[in-house]
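Working notes, beginning with the structure itself.
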Amino acid sequence: MSQYIKVVAEDGDEPLELPTEEDGTLLLTTLSAQFPGSCGLKYRNPDTGTMRGIRLSDGRLYPPDNDWGKQVFFCVFPKGEGKREPTVTVEHPIVKPPKSSSRQKCSDLIVLGLPWKSTEEDLRNYFSQFGELLMVQVKKDPKTGQSKGFGFVRFAEYESQLKCMSQRHMIDGRWCDVRIPNSKEGAQHMMNRKVFVGRCTEDMTAEDLRQYFAKFGEVVDVFIPKPFRAFAFVSFADPDVAQSLCGEDHIIKGASVHISGAAPKSNEKHGGGYGGGMGGGGGGGMGGDRRLGGSNHSHLGSYTPSYSQGSWGHVARPGSSSNPGSSYGNNLGLGNLGLGALQLNHAMLAAAQAVLSGQGGWGPLGLTNQGGAGMQGGVVQGHAQGGGGGTGQVGGAGGPGGSGASNGDNPVANTTPAPAGFGSVGNGSTGGFLGWGGTQATETTTHSPSQMASWGSTKAPTGWN
DNA sequence: GTTGAGCGTT
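Just so you know, the first sequence maps onto residues 20 to 484 in our numbering.
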């Protein structure tokens, strides 16, 4: 006996009626079709007044007490698209950047369990139901061309990704799973929850920062480099909080600090990466763009993701939005951003790199391709990274003191600043962790959407060195 | 033209 149940995304919305199945359950796909990103339902228990979750099993939502009743059900979203209310008081954000919607970035998704015969075209046909696809790959044996039974996809919109990951997929007669690739799942979270706080003053203590930022969300870690460098890193438990703060200016202890996204250390081992010292804070090194070759975007079939290794396309750098329409990818010399603040910023970023690079960073973990939304609709948005081989390298490859300005931007986001090496697992901070995939020690992070059969835990510890 | 847990030639 099929019926309709009332569903709203948020309290106050107009209810939408969704059809149930013959067995009385509501398909998750039915829900997510109308409420993209929704991964479940809840309702208010009339007796206790508290919210109750609806049971979800095998993609089906089960009616409470075998009856949906007439009540209204609320959508549940993966990580509460919580809109932070700045709650401004005396100290409030000064600038409100155009905030490119504090959404999370898409990542490549691995598709497991593909039929041997499924082609990339098949995948594209299937997955495009969730949204625009930027990339589709089926991994094949180079010789025989035979599929290996898995592939990768990448969506343009994070909502599509969420929707896609919230269910299983029947593709050409087989159930397939879509997950976040192992090489990335840690990064996503870690990166998104750490922000760079620039223009710090010397009288700001870690405790000051922790206290100040606590009003936006749980602060998991605060790092202030010693000696004083005028910047700090603050990590939040909730990535959304970190994201939402990016680009804002805040006043702390009477000083205006700037918050931006933290970026990982370049993965390039010999490629200079972020120039170190940048003596004098002057000249705009021309960061040669060596990634153009990769941006062959086609509409069909597979293409190579164009973000190059280790580069974090744009990790929210509103400061540079004033960049007078110069070609983004080509050079990012400081020349045309003649703002003191920005220069200082760049200098700080370079310093940040220098300071933190000596500690266990992302590098050794083999973090690659974290391009974020570096590519949207086939347009390269990333910044020149200045990694080795860039045309017109000023500082030569590798050495500290290279053309610091050439690297795109952003500070270094380390894992929690612990002494080098892998020994430390998160240094006690909640949720702090480092090392996934290979050198997993203990750590049982509880991230990623449900139904992800964890397979990382039993992975043989191979280590990286 | 076989296989069915996994993690990406560039």
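Backbone N, C-alpha and C define an ideal beta-carbon position, used for all residues, glycine too.
Being a predicted model, the structure only gives us computed values, none of them experimental.
(request) To the nearest angstrom, report how far apart residue 95 and residue 51 are at their CA atoms. (result) Looking at the two C-alpha atoms, the distance is approximately 10 angstroms.
(request) Buried or exposed for residue 59, please, with buried defined as at least 16 other CB atoms from any protein chain shown within 10 angstroms of its CB. (result) A residue is called buried once 16 or more other Cβ atoms fall within 10 Å of its Cβ, and residue 59 is buried on that count.
(request) Under the assumption that residue 152 contacts residue 174 (Cβ atoms under 8 angstroms), give the Cβ distance between them as a whole number of angstroms. (result) The C-beta distance from residue 152 to residue 174 rounds to 6 angstroms, short enough to fall under 8 angstroms.
(request) Tell me whether the beta-carbon of residue 215 lies closer than 8 angstroms to the beta-carbon of residue 279. (result) In this structure, residue 215 lies near residue 279, with their beta-carbon atoms less than 8 angstroms apart.
(request) Could you check if residue 85 is buried or exposed, using at least 16 other CB atoms within 10 Å of its CB as the buried criterion? (result) By the 16-neighbour rule on beta-carbons within 10 angstroms, residue 85 is exposed.
(request) Just grab the DSSP bridge partners of residue 250 for me. (result) DSSP output for residue 250 lists 217 as bridge partner(s).
(request) Ignore the nearest five residues each way along the sequence and tell me which others in residue 37's own chain have a CB closer than 7 angstroms to its CB. (result) Excluding residues up to 5 positions away in sequence, 23, 24, 26, 45, 49, 50, 53 lie with their Cβ nearer than 7 angstroms to the Cβ of residue 37 in the same chain.
(message) According to DSSP, residue 274 sits in a beta bridge with which residue or residues?
(response) Residue pairing by DSSP puts residue 274 in a beta bridge opposite 271.
(request) Reducing DSSP to helix, strand and coil, say where residue 161 ends up. (result) In the three-state scheme derived from DSSP, where H, G and I count as helix and E and B as strand, residue 161 is classed as coil.
(request) Could you tell me which of 251, 178, 133 sits nearest to residue 17, measuring between CA atoms? (result) In this structure the chain extends from 20 to 484, so residue 17 is not present and cannot be described.
(request) Excluding the 5 residues preceding and the 5 following residue 75 in the sequence, name in chain order all residues of the same chain whose CB lies nearer than 7 angstroms to its CB. (result) Correct list, in chain order: 47, 59.
(message) Can you tell me which residues form a DSSP beta bridge with residue 194?
(response) Its beta-bridge partners are 189.
(message) Can you give me the C-alpha to C-alpha distance between residue 221 and residue 277, rounded to a whole angstrom?
(response) Whole-angstrom Cα-Cα distance: 15 angstroms.
(request) Quick one: grab the DSSP three-state call for residue 265. (result) Reduced to three states, the DSSP call for residue 265 is coil.
(message) So the candidates are 134, 135, 164, 155; which of them puts its Cα closest to the Cα of residue 144?
(response) Per the Cα distances, 155.
(request) Would you please state the rounded distance, in angstroms, between the beta carbons of residue 232 and residue 238? I believe it to be under 8 angstroms. (result) Correct: roughly 5 angstroms between the Cβ atoms.
(request) Kindly list the residues whose CB is nearer than 8 angstroms to the CB of residue 274, restricted to its own chain and excluding five residues on each side of it in sequence; keep chain order. (result) If you ignore the 5 residues before and after residue 274, its C-beta comes within less than 8 angstroms of the C-beta of 218, 219, 220, 223, all in its own chain and listed in chain order.
(request) Taking all protein chains shown into account, decide if residue 548 is buried (16 or more other Cβ within 10 angstroms of its Cβ) or exposed. (result) Residue 548 is absent from the structure shown; the chain starts at 20 and stops at 484.
(request) Find the nearest neighbour of residue 149 within the set 131, 185, 225, 159, judged by alpha-carbon distance. (result) Comparing Cα-Cα distances from residue 149 to each of 131, 185, 225, 159, the minimum goes to 185.
(message) Could you tell me the alpha carbon to alpha carbon distance between residue 158 and residue 134, rounded to whole angstroms?
(response) Rounded to whole angstroms, the separation of the alpha carbons of residue 134 and residue 158 is 12 angstroms.
(request) Would you grab the beta carbon distance between residue 128 and residue 180 for me? Rounded to a whole angstrom, and I think it's under 8 angstroms. (result) Correct: roughly 7 angstroms between the Cβ atoms.
(message) In this structure, how does DSSP classify residue 141 when only helix, strand and coil are distinguished?
(response) Note: residue 141 maps to helix in three-state DSSP.
(message) Contact defined as beta carbons within less than 8 angstroms: I believe residue 79 pairs with residue 70. What is the distance between those atoms, to the nearest angstrom?
(response) Not quite, the Cβ-Cβ distance comes to about 20 angstroms (not below 8 angstroms), so this is no contact.
(message) Can you tell me where the alpha helix (DSSP H) holding residue 183 begins and where it ends?
(response) 177-184 is the span of the alpha helix (DSSP H), which, as asked, contains residue 183.
(message) Quick check: what's the CA-CA separation for residue 255 versus residue 165?
(response) For residue 255 and residue 165, the distance between alpha carbons rounds to 44 angstroms.
(message) My output table needs one value for residue 38: the three-state DSSP class, helix, strand or coil.
(response) DSSP places residue 38 in strand when its eight states are reduced to three.
(message) In this structure, how does DSSP classify residue 47 when only helix, strand and coil are distinguished?
(response) Correct three-state label for residue 47: helix.
(request) On a CA-only basis, which of 197, 160, 40 is nearest residue 146? Give me that one, please. (result) Comparing Cα positions, the closest option is 197.
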